[in-house]
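Colleague: Got a structure for you, written out below as structure tokens; questions coming shortly.
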Amino acid sequence: MGLEDIDHVLRFCSRARDHWMVVLSVEAADRFFSMPFDVWLQDNLHGSSGGKTSNEDWSMRFSIYCWLLWKRRCSMIFDPDYIDRESVLDKGSKLILECETVFVSSQLTPNHVSRDEEH
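Yeah, the sequence shown ends on 122 if you go by the numbering used here, and it's all consecutive.
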């Protein structure tokens, strides 16, 4: 087996690809998988690419899904007792709901939090 880079883990391994195909719109999928890694990361973190629903905050969803894909891969490598009990999509949906609840209760949206407000 060859070396796996972060692009492979987050975008091209079969489990990551299967996940993205569920959450991406058909229109976004071709572009999503063909961009250079740095452009792909930046576009998605800025919410330029996107999921199936137009009113969702894609940058938050994308960040959560990437973190979970990375965490799952690290667990598979470094935890000999690791068992994948819940899909990235299910875990992600729960985290997204929690984030949205926090933003609604604070009357903010993820895009309205500035660096000054974080400190």
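Virtual Cβ for every residue (Gly too), placed ideally from N, Cα, C.
(1) Using the C-alpha atoms, what's the distance from V105 back to F81?
(2) Shortest alpha-carbon distance to Y68 belongs to which of L100, D10, L92 and L27?
(3) Can you tell me the Cα-Cα spacing of R18 and S90, whole angstroms?
(4) State yes or no: is the C-beta of I99 within less than 8 angstroms of the C-beta of R76?
(5) Start and end of the alpha helix (DSSP H) containing Y68?
Modeller: According to the data block:
(1) 32 angstroms
(2) L92
(3) 10 angstroms
(4) no
(5) W61 to F81
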